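Student: Just so we're aligned: 161 in this note's numbering is position 160 of the sequence shown, and the numbers increase by one with no gaps anywhere.
Sharing a structure here in structure tokens format.
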Amino acid sequence: MTALPVDLGRRSGLADELLAFGDPDLTAGRVLSQHRGRWLVMTPGEPPRLLPARGRLHDSDDGPPVTGDWVAIDGDDAIAAVLERRGAVIRRAAGSKTAPQVLAANVDLALVIEPLPDPNERRAERMVSLCSAGEVPAILVLTKADLDPEADTLATRMARALGLADGVAISVRDGSGLALLETLLAPGTTSLLLGPSGAGKSTLVNTLLGEDRQATAPVRAGDGRGRHTTVGRELLALPGGAMLVDTPGIREAGMWDGNGGAFSDIEELATGCRFANCAHQLEPGCAVRDAIDPARIAAWRKLEREQAWIEDRRAAALEREARGRTYRTIQRDARRVKGDD
Ligand SMILES: Nc1nc2c(ncn2[C@@H]2O[C@H](COP(=O)(O)OP(=O)(O)OP(=O)(O)O)[C@@H](O)[C@H]2O)c(=O)[nH]1
Ligand SMILES: [Mg+2]
Ligand SMILES: [Zn+2]
Numbered sequence: 002m003t004a005l006p007v008d009l010g011r012r013s014g015l016a017d018e019l020l021a022f023g024d025p026d027l028t029a030g031r032v033l034s035q036h037r038g039r040w041l042v043m044t045p046g047e048p049p050r051l052l053p054a055r056g057r058l059h060d061s062d063d064g065p066p067v068t069g070d071w072v073a074i075d076g077d078d079a080i081a082a083v084l085e086r087r088g089a090v091i092r093r094a095a096g097s098k099t100a101p102q103v104l105a106a107n108v109d110l111a112l113v114i115e116p117l118p119d120p121n122e123r124r125a126e127r128m129v130s131l132c133s134a135g136e137v138p139a140i141l142v143l144t145k146a147d148l149d150p151e152a153d154t155l156a157t158r159m160a161r162a163l164g165l166a167d168g169v170a171i172s173v174r175d176g177s178g179l180a181l182l183e184t185l186l187a188p189g190t191t192s193l194l195l196g197p198s199g200a201g202k203s204t205l206v207n208t209l210l211g212e213d214r215q216a217t218a219p220v221r222a223g224d225g226r227g228r229h230t231t232v233g234r235e236l237l238a239l240p241g242g243a244m245l246v247d248t249p250g251i252r253e254a255g256m257w258d259g260n261g262g263a264f265s266d267i268e269e270l271a272t273g274c275r276f277a278n279c280a281h282q283l284e285p286g287c288a289v290r291d292a293i294d295p296a297r298i299a300a301w302r303k304l305e306r307e308q309a310w311i312e313d314r315r316a317a318a319l320e321r322e323a324r325g326r327t328y329r330t331i332q333r334d335a336r337r338v339k340g341d342d
């Protein structure tokens, strides 16, 4: 039986990247999903395999491999290196003040998902900030368009307010918007679904796949919230040759690397404010206040404050680490003097 040629997404210069490691046994693969200390990795022409990663990867600055990573696999079938991440969406790890979490790597396009009839523009805005910070272009996708007759207008208006090039309203029930969305998922590219639980991410994935691969569940009757049905991030190949990452519903999307210019509308107008540090509240001569939705200005301010807070935390953690290192060096030198190292 000949294996089907599997497209794992485009990656220019892959062969050279591998050669640069200087180990002729290395082969390239792509991480489909993560499983407690093992990664499901696909190499072209072979079924996916669960592989361990070399210990040093766990402590590296980039952290262990994540879904979407291109990795180098060594002769012993272990992940030896993570290749440069081109486009990654990173948040502050839930419950941590000082650790990042890469949600997915090598992402060409993020689909910021909000469900109709009650999409949350502020939540979408935060997602767009994380995407921009990771140099991942984003589009807005409003799901469950069958529940709102104004879906298309709303998608266009909200996308514009968020500074995005595209906003699409889709429904898997009546099929609206799906053909348009599929044109945005180009063969060889990797797209990432980002949105709250119950928004219909996995239902969309199944529809695009043409099979019920991902588990889905109705939202709760009382408050319409999702049930966190999807628990891991998974890279899947669509029939048209595009790749898509299904993700668990996001509860928290803490800032990590700034808003990446997601508020360029505010920042551009702000050059016309009388005061350089204008917060666009009550300052005289403000060029932003009358031009931008007050809720967006408030959101910008909130994210700026959050970013400043996380940067303080990160700086403090680095300092602690540096102190710890100095202390360890002193201990080691002391041991050397005693001759037991
Ligand atoms: N009316 C309507 N309901 C939809 C549509 N798409 C999905 N749903 C429903 O929304 C509910 C949640 O769908 P899921 O696909 O499980 O949502 P999810 O975003 O994957 O949720 P998590 O995995 O928990 O993050 C299911 O009951 C779906 O049938 C749609 O286009 N219209
Ligand atoms: Mg799901
Ligand atoms: Zn101002």
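Glycine included, C-beta positions come from ideal geometry on N, C-alpha and C.
These numbers were taken from a predicted model, which means no experiment stands behind them.
(1) Can you tell me which of the three DSSP states residue 71 falls into?
(2) Please report how far the alpha carbon of residue 266 lies from the alpha carbon of residue 164, in whole angstroms.
(3) Below 8 Å on the Cβ atoms is my guess for residue 148 versus residue 115; work out the distance and round it to an integer in Å.
(4) Am I right that residue 111 and residue 193 are in contact with their C-beta atoms under 8 Å? What's the rounded C-beta distance?
(5) How would you write the range of the alpha helix (DSSP H) that residue 15 sits in, first residue to last?
(6) Closer than 6 Å from C-beta to any heavy atom of ligand 1: which residues, in chain order?
(7) Within the present structure, is the beta-carbon of residue 213 separated from the nearest heavy atom of ligand 2 by less than 7 Å?
(8) If we count Cβ pairs, one from each stretch, closer than 8 Å, do we get three or more for the segment 121-135 versus the segment 269-289?
(9) Around the C-beta of residue 107, are 16 or more other C-beta atoms found within 10 angstroms, so that it is buried, or is it exposed?
(10) Let me know the secondary structure DSSP gives residue 159 once reduced to three states.
(11) Within 10 Å of its beta-carbon, does residue 235 have 16 or more other beta-carbons around it, so buried, or fewer, so exposed?
(12) Grouping DSSP H, G and I as helix and E and B as strand, with all else coil, what is residue 282?
(13) Considering only the beta carbon of each residue, do residue 91 and residue 113 sit closer than 8 Å?
(14) Can at least three beta-carbon pairs, one atom from the segment 170-182 and one from the segment 202-210, be found at a separation below 8 Å?
(15) Enumerated in chain order, which unbroken segments of the beta strand (DSSP E) with a length of 3 residues or greater are wholly contained in the segment 90-114?
(16) Quick check on DSSP: helix, strand or coil for residue 127?
(17) With a threshold of 16 other CB atoms inside 10 Å of the CB of residue 14, please say whether the residue is buried or exposed.
(18) Return yes when the C-beta of residue 26 is under 7 Å from any heavy atom of ligand 2, and no when it is not.
(19) Check for me: the beta strand (DSSP E) holding residue 238 runs from which residue to which?
(20) Can residue 133 and residue 260 be called in contact, C-beta distance under 8 Å?
(21) Between residue 40 and residue 52, how many whole angstroms is the CB-CB distance? I'm expecting something under 8 Å.
Tutor: Reading it off the structure:
(1) By one-based count along the sequence shown, residue 71 stands at place 70. The DSSP-derived three-state label of residue 71 is strand.
(2) Walking along the sequence shown from the start, residue 266 turns up at place 265. Walking along the sequence shown from the start, residue 164 turns up at place 163. Looking at the backbone, the Cα of residue 266 and that of residue 164 are separated by about 7 Å.
(3) Your numbering for residue 148 matches position 147 in the sequence shown. Your numbering for residue 115 matches position 114 in the sequence shown. Actually they do not touch by this definition, with Cβ atoms about 12 Å apart.
(4) Locating residue 111 in the sequence shown gives position 110, counting from the first residue. Locating residue 193 in the sequence shown gives position 192, counting from the first residue. Separation of the CB atoms of residue 111 and residue 193 is rounded to 5 Å, and the pair is thereby assigned contact status at 8 Å.
(5) One-based indexing of the sequence shown puts residue 15 at position 14. Following the DSSP letters along the chain, one finds residue 15 inside the alpha helix (DSSP H) bounded by residues 15-20.
(6) Spelled out in chain order, the answer is 144, 145, 147, 148, 172, 173, 174, 198, 199, 200, 201, 202, 203, 204, 217, 218, 219, 220, 227, 228, 229, 230, 231, 249, 250.
(7) Reading the sequence shown from its first residue, position 212 is the one you call residue 213. No, ligand 2 has no heavy atom inside 7 Å of this Cβ.
(8) With contact defined as three or more Cβ pairs closer than 8 Å, the segment 121-135 and the segment 269-289 are not in contact.
(9) Along the sequence shown, read from residue 1 onward, the residue named residue 107 stands at position 106. So residue 107 counts as buried.
(10) As a working note, residue 159 is residue 158 in the sequence shown. Here residue 159 sits in helix by DSSP.
(11) As a working note, residue 235 is residue 234 in the sequence shown. So residue 235 ends up on the buried side.
(12) For the purposes of this step, residue 282 is taken as the residue at position 281 of the sequence shown. Here DSSP, grouped into helix, strand and coil, assigns residue 282 to coil.
(13) For the purposes of this step, residue 91 is taken as the residue at position 90 of the sequence shown. For the purposes of this step, residue 113 is taken as the residue at position 112 of the sequence shown. Their beta carbons are not under 8 Å apart, which means residue 91 does not touch residue 113 by this criterion.
(14) Contact annotation: the segment 170-182 touches the segment 202-210, with at least three C-beta pairs closer than 8 Å.
(15) Listed in chain order, the beta strand (DSSP E) runs fully inside the segment 90-114 are 101-106, counting runs of at least 3 residues.
(16) Looking up residue 127 in the sequence shown gives position 126. Helix.
(17) Numbered from its first residue, the sequence shown carries residue 14 at position 13. With fewer than 16 other Cβ atoms from the protein chains shown falling within 10 Å of its own Cβ, residue 14 counts as exposed.
(18) Translated into positions along the sequence shown, residue 26 becomes position 25. Checking the Cβ of residue 26 against ligand 2 gives no.
(19) Looking up residue 238 in the sequence shown gives position 237. According to the DSSP assignment, residue 238 belongs to the beta strand (DSSP E) that extends over 235-238.
(20) Indexing the sequence shown from 1 puts residue 133 at position 132. Indexing the sequence shown from 1 puts residue 260 at position 259. A contact, by the Cβ cut-off of 8 Å.
(21) For this step, residue 40 is matched to residue 39 along the sequence shown. For this step, residue 52 is matched to residue 51 along the sequence shown. With a contact defined as Cβ atoms closer than 8 Å, residue 40 and residue 52 qualify at about 6 Å.
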